[in-house]
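Data first, discussion second: the structure below is written as structure tokens.
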Amino acid sequence: MPAHELFDLERLVEERQMELEVWGEFDEEIGGAPAGGNSAGETAFTDLPEFIPFAGLDGNLLFIDTHCNAVRSCRLP
1033 MPAHELFDLE RLVEERQMEL EVWGEFDEEI GGAPAGGNSA GETAFTDLPE
1083 FIPFAGLDGN LLFIDTHCNA VRSCRLP
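Here it is in structure tokens:
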């Protein structure tokens, strides 16, 4: 993670809100499944409310997966 900027709380909230808004619009356009419902570690093909960005570089974000199950809190690139 040396190249990524670690977010403070304000930036984390801003990035998360932006991701939820952008992906929510995209999901509506393509008729995607509602956010949530996947288990931690499963491919979601979208941003989920359970994904919390904690660092980033040039629009590439690192996330914590906060699903409640055996593989929760895994870092996802």
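In the working numbering, the protein residues as written are 1033 to 1109.
Note that CB positions come from ideal geometry on N, CA and C, so glycine has one too.
As the structure is a computational prediction, the values presented were derived from the model and not from experiment.
Host beta strand (DSSP E) of residue i (start-end)
i, result
"residue 1085", "1083–1089"
"residue 1094", "1092–1097"
Separation of residue j from residue i, as counted between CA atoms
i, j, result
"residue 1058", "residue 1034", "31 Å"
"residue 1041", "residue 1082", "16 Å"
"residue 1094", "residue 1049", "15 Å"
Assigned exposure category for residue i - 16 Cβ within 10 Å defines buried
i, result
"residue 1038", "exposed"
"residue 1090", "exposed"
"residue 1053", "exposed"
"residue 1046", "exposed"
"residue 1051", "buried"
Residue closest to residue i, alpha-carbon to alpha-carbon, out of the options
i, options, result
"residue 1055", "1080, 1044 and 1100", "1080"
"residue 1099", "1093, 1092, 1088 and 1084", "1084"
"residue 1036", "1092, 1048 and 1049", "1092"
"residue 1043", "1097, 1088 and 1096", "1088"
Which residues DSSP lists as bridging residue i, in chain order
i, result
"residue 1053", "According to DSSP, which records beta bridges pairwise, residue 1053 is partnered with nothing at all."
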